[in-house]
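Peer 1:
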Amino acid sequence: MDFTSLGLDDLSKTSHKKNNRMKSLREHIDEVKQISYLLAKNHNLLKFKEIIDLLVDWHDVGKLNPKWNINNDKNPPHSALSAYLYLDNFENLDPMLFYLILKHHSCLNPHDAYPTFSKCREILGKYIIQAVKGMELKIGVSRKNLNITTKKICTALHQLQKKIEDYNLNIVYADLFGIFKTADILSAMFEKDVEIFEEIVHLNRSKVEHNIKGYVNSKGLEFDQNRWKIFCDMANTREDVLFTAPTGWGKTFASIITALNKQPRHVIYVLPTMTSIRKMKNTLSNIFDCRVEENYYFADVEKLREDSHPDLDMFISKSFLSPVTITTLDQIILSFLHVGKYFLKRFHFRDSVFVFDEFHAYPINGLYILLKFIKKFNESFGYGIRSIFMSATSHPDLEKLIEEYTPTSKFEFIREYEKRRRYVYSIESLDIADDESLRSIVKKAESDNVLVLCNTVEKAIKTYLLLKSEYSFKRILLLHSRFTYQDRRNKEDLLEKFSKSKGFVLVSTQVAEVSLDMSFDYLFTEVAPIPSLIQRFGRVNRYSNKTDQINVNIFYPDEIENSKRYPYNKDELKLTFDELIQLEDRIKNELVLIEHFRALPLGLDEAELREIDRYLKKWEKDTRYFFSIDLTDDKLNKLIRFRDTNTALIIPKCFRMTAANILYSNEMYKLQRLKEYLAPVPIWWIVDSLNQSLVDEIENIPILLNPRFQYSHEIGYFDTEKLCEFLDQIEICQEETSIL
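Quick note: the sequence shown uses my numbering, first residue 290, plus one each step.
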């Protein structure tokens, strides 16, 4: 089309620049098509090439507005003008494309698709007329014909409402839009030739075996050829895989060869927490001959640590564009639930293999939602997702739940626990923080590595401080959930350093139960529910099979009777403690406790699952598998529970000025820099502080001003009332006094 006949500029106009590089709109369109075709081909969507072409051809024509100039500090909006030009000049109007062009720089908000007169007038007046105000253009937009033009926009939105009744079509359009936007972003970054497009997750078995052998040997371990044969047999199954085997049995390697044998578009490795993502990335990078990326809430912070201008890496990380991505359950569910710009992520799930590691540690609500989406997208929308579910301590009720939603081949090696006795426990009558207990910890740590696990953060802090002050123990580290990301990251680096030699103590909480790929010589732990204890026992003597020596000591917490907010049910802990006393002399191997756990009812909350079903029905009606939703949906947050619903992220008071300096500066990546100072705290802290008007905020992030709750780089956020006897030992983080 000759846009100059409408008084617009032509396609040779500069539409993008980066540093000193310039690109015309014609060049941008050609690049976006080139990348889109490649992505569409990889995901079997190239048959919709005509839709891609129209979307690409029209999305930026609003930049041909003579008022729009690449060198302007602020330009008139172009998306709505592009959509209108498509609406007014293309005979066979597709209302879906009109809406997608209109929204191509934002989420797919359903409110902008409602054909109300006020909404249509807003689109026209606020975004189109203002964009061309003062220009003599022949595009049929003026204040004289407002009603005619408004009606034309409303007609398109009415047609859209009819068309989006077809959910299968919505899925296709949303995925094509995601492909187009990915290409649009990469071209705008001047990264059309990014090497990631050449990487395919396809390695032959001998190459994988070679890489895994090299990795195993580098760890000083022996490669088990018989076990490798089992892994190869597993890889040949056509169904999804449900795999249960002991810790240290090589489940990660089994999942890799099984995934690759299915020739996926992507391998997406899902962990229950972000604790060991960096370590898992190192492992997988040694095995795959392609890019391995991370996708979790703080992944962009990591990218900024590695590179001062990490735009491309951030985008690849958060969009699942990499051949192999390590992520957390919440990121998968958020993508399926259409939170934000979900369309940049979800299309990569087509024909991919998901590895769900330690699925027993997933919140049941999250696992349930995940299974329902995988079943729906496979059966109704032909997504071709393949899944591998792995666990060291799976429960029959969870296995049954999985099998209800996806046909699986079970590879169960529970009997392997019969060959193992990597721990021998002793029930102690003392509290873990008593003098005698602490002396035992120090004694063991003279020549070995010791893990101390407490049920609460305050108890962990108390134990840590006592070991430091009363026993002058130096090689000791405290790790729990209430550190800022920056401090936690530094502590994880220090933990890696400490673990390379003997004679150190890690004091921690439940955060060490899952995904901590580290073996300790001794464990001192407070009693917890059986599933948690099995996870804790798995941190000891991981790479051996037998021991006859006591290497686990279990304590009953003194404070439990007087605690108002304890993480576990008191009666359940008392019952577990009594059961452990009875089992103490009967545990000849690890299978005894595993079978005891598997015989217990898991306690699935059927009422809550029905509530999830009701929510998802409403979600389907609201989104129609097309529109985006907002993460602030309270109902959603309560149902998913993949994040601890009893905590919230805040900025410690001592970083208030630092946060303000970041926000008021001219630096890039403000959000990423701000996230380094976020720390999770119990919600009741915030509520209690709000009741006393002791909460400030910055960018809607709470800042506690309550003097009861303080932050320390060494011990994290803590309640001074519970640790008052130690205040003289704690270096509390002090607030800066001025904004730069």
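Even glycine gets a Cβ: it sits at the ideal position worked out from N, Cα and C.
The structure presented is a predicted model; accordingly, all values stated were derived computationally and were not measured.
Just the C-alpha distance for P971 and A937, rounded to the nearest angstrom, thanks.
Peer 2: Those two C-alpha atoms are separated by around 6 Å.
Peer 1: If you run the structure through DSSP and keep just helix, strand and coil, what is Q999?
Peer 2: Three-state DSSP puts Q999 in a strand.
Peer 1: How should P996 be labelled, buried or exposed, when 16 other C-beta atoms within 10 angstroms of its C-beta is the threshold for buried?
Peer 2: So P996 ends up on the exposed side.
Peer 1: Looking at the structure shown, is G414 part of a helix, part of a strand, or coil, going by DSSP?
Peer 2: The answer is helix: DSSP assigns G414 an H, G or I state.
Peer 1: Label D646 either buried or exposed according to how many other C-beta atoms from any shown protein chain fall within 10 Å of its C-beta, with 16 as the threshold for buried.
Peer 2: D646 should be labelled buried.
Peer 1: Can you tell me whether G671 is buried or exposed, with buried defined as 16 or more other CB within 10 angstroms of its CB?
Peer 2: Label assigned to G671: exposed.
Peer 1: Going by beta-carbon coordinates alone, are L766 and L784 separated by less than 8 Å?
Peer 2: It is a contact, given that the beta carbons lie within the stated cut-off.
Peer 1: Beta-carbon within less than 8 Å of D529's beta-carbon, same chain only, minus the 5 sequence neighbours each way: which residues are those?
Peer 2: Here the set comprises R675, S676, I677, F678, T695, P696, T697, S698.
Peer 1: Buried or exposed, going by whether 16 or more other CB atoms sit within 10 Å of the CB of R903?
Peer 2: Per the 10 Å Cβ criterion, exposed.
Peer 1: What does the Cβ neighbour count give for F466, buried or exposed, with the cut at 16 atoms within 10 Å?
Peer 2: It is buried - the Cβ of F466 has at least 16 other Cβ atoms within 10 Å.
Peer 1: Whole angstroms are fine: how far does the CA of N744 sit from the CA of H393?
Peer 2: Taking the straight line from one Cα to the other gives about 48 Å.
Peer 1: Between the C-alpha atoms of D847 and L864, what's the straight-line distance to the nearest angstrom?
Peer 2: If I take the Cα positions, the gap works out to 16 Å.
Peer 1: Reducing DSSP to helix, strand and coil, say where H637 ends up.
Peer 2: Reduced to three states, the DSSP call for H637 is helix.
Peer 1: So, do the stretch 828 to 844 and the stretch 756 to 774 have three or more beta carbon pairs nearer to each other than 8 Å?
Peer 2: No, because fewer than three Cβ pairs between the stretch 828 to 844 and the stretch 756 to 774 fall closer than 8 Å, the two stretches do not touch.
Peer 1: Would you say L880 and Y706 are within 8 Å of each other, going by their C-beta atoms?
Peer 2: Yes.
Peer 1: Buried or exposed for G827, going by 16 or more other Cβ atoms inside 10 Å?
Peer 2: When all chains shown are included, G827 counts as buried.
Peer 1: I'd like the ranges of any alpha helix (DSSP H) spanning at least 4 consecutive residues and lying wholly in the stretch 361 to 432.
Peer 2: Runs found: 368 to 378, 384 to 391, 406 to 411.
Peer 1: Would F577 and V613 qualify as a contact pair, given that the criterion is a beta-carbon distance under 8 Å?
Peer 2: Contact flag set, yes.
Peer 1: For N457, count neighbouring C-beta atoms within 10 Å of its own C-beta (all shown protein chains included) and say buried if the count is 16 or more, exposed if not.
Peer 2: With fewer than 16 other Cβ atoms within 10 Å, it is exposed.
Peer 1: At what residue ranges does the stretch 874 to 907 contain a whole run of the beta strand (DSSP E), taking only runs of 3 or more?
Peer 2: Here no run is fully enclosed.
Peer 1: Quick one: residues in its chain with C-beta nearer than 8 Å to the C-beta of E583, no 5 flanking neighbours on either side, listed in chain order?
Peer 2: Counting only Cβ-Cβ distances below 8 Å, and skipping sequence neighbours, we find I566, R567, K570, E591, S606, T614, I615, T616.
Peer 1: Just grab the DSSP bridge partners of L560 for me.
Peer 2: Paired residues: T617.
Peer 1: Suppose the cutoff is 8 Å on Cβ atoms and the five residues either side in sequence are ignored; what does the same chain contact list for N309 look like?
Peer 2: If we look at N309 and ignore the five residues flanking it on each side, it has no Cβ neighbours.
Peer 1: Do E802 and Q824 count as a contact pair if the criterion is CB distance below 8 Å?
Peer 2: In this structure, E802 lies closer than 8 Å to Q824 by Cβ.
Peer 1: If you reduce the DSSP assignment to three classes, tell me which class E807 lands in.
Peer 2: Sequence check: residue 807 is Met here, not Glu. DSSP places M807 in coil when its eight states are reduced to three.
Peer 1: At the level of alpha carbons, what is the spacing between L295 and L426?
Peer 2: Looking at the two C-alpha atoms, the distance is approximately 6 Å.
Peer 1: Measure the beta-carbon distance from F886 to T752 and round it to whole angstroms, keeping in mind my assumption that it falls under 8 Å.
Peer 2: Contact doesn't hold; Cβ gap of about 27 Å is too wide.
Peer 1: What does a CB cutoff of less than 6 Å around Q448 pick up in its chain, not counting 5 residues either side in sequence?
Peer 2: Within the same chain, Q448 has close Cβ partners P384.
Peer 1: Closest to F916 by CA distance: which of Y631, T533, R710, L889 is it?
Peer 2: Cα-wise, what sits closest to F916 is Y631.
Peer 1: Looking at the unbroken beta strand (DSSP E) that takes in D1008, where does it start and where does it end?
Peer 2: Looking at the DSSP string, the run of the beta strand (DSSP E) that includes D1008 is 1005 to 1008.
Peer 1: Would a C-beta distance cut-off of 8 Å place F406 and T439 closer than the cut-off?
Peer 2: Yes, the pair counts as a contact, with Cβ atoms nearer than the cut-off.
Peer 1: Would you list the one or two residues that DSSP bridges to E986?
Peer 2: According to DSSP, E986 bridges with P991.
Peer 1: Can you tell me which of G429, Y373, K306, I324 puts its alpha carbon nearest to the alpha carbon of P360?
Peer 2: A small correction: the amino acid at residue 360 is Asn; Pro does not occupy that position in the sequence shown. Answer by Cα proximity: K306.
Peer 1: Buried or exposed: which applies to S669, given that a residue is buried once 16 or more other Cβ atoms fall within 10 Å of its Cβ?
Peer 2: By the 10 Å Cβ count, S669 comes out exposed.
Peer 1: Using DSSP with H/G/I as helix, E/B as strand and the rest coil, what is D513?
Peer 2: Here D513 sits in coil by DSSP.
Peer 1: Please confirm whether F772 and A948 have their CB atoms less than 8 Å apart.
Peer 2: Contact: no.
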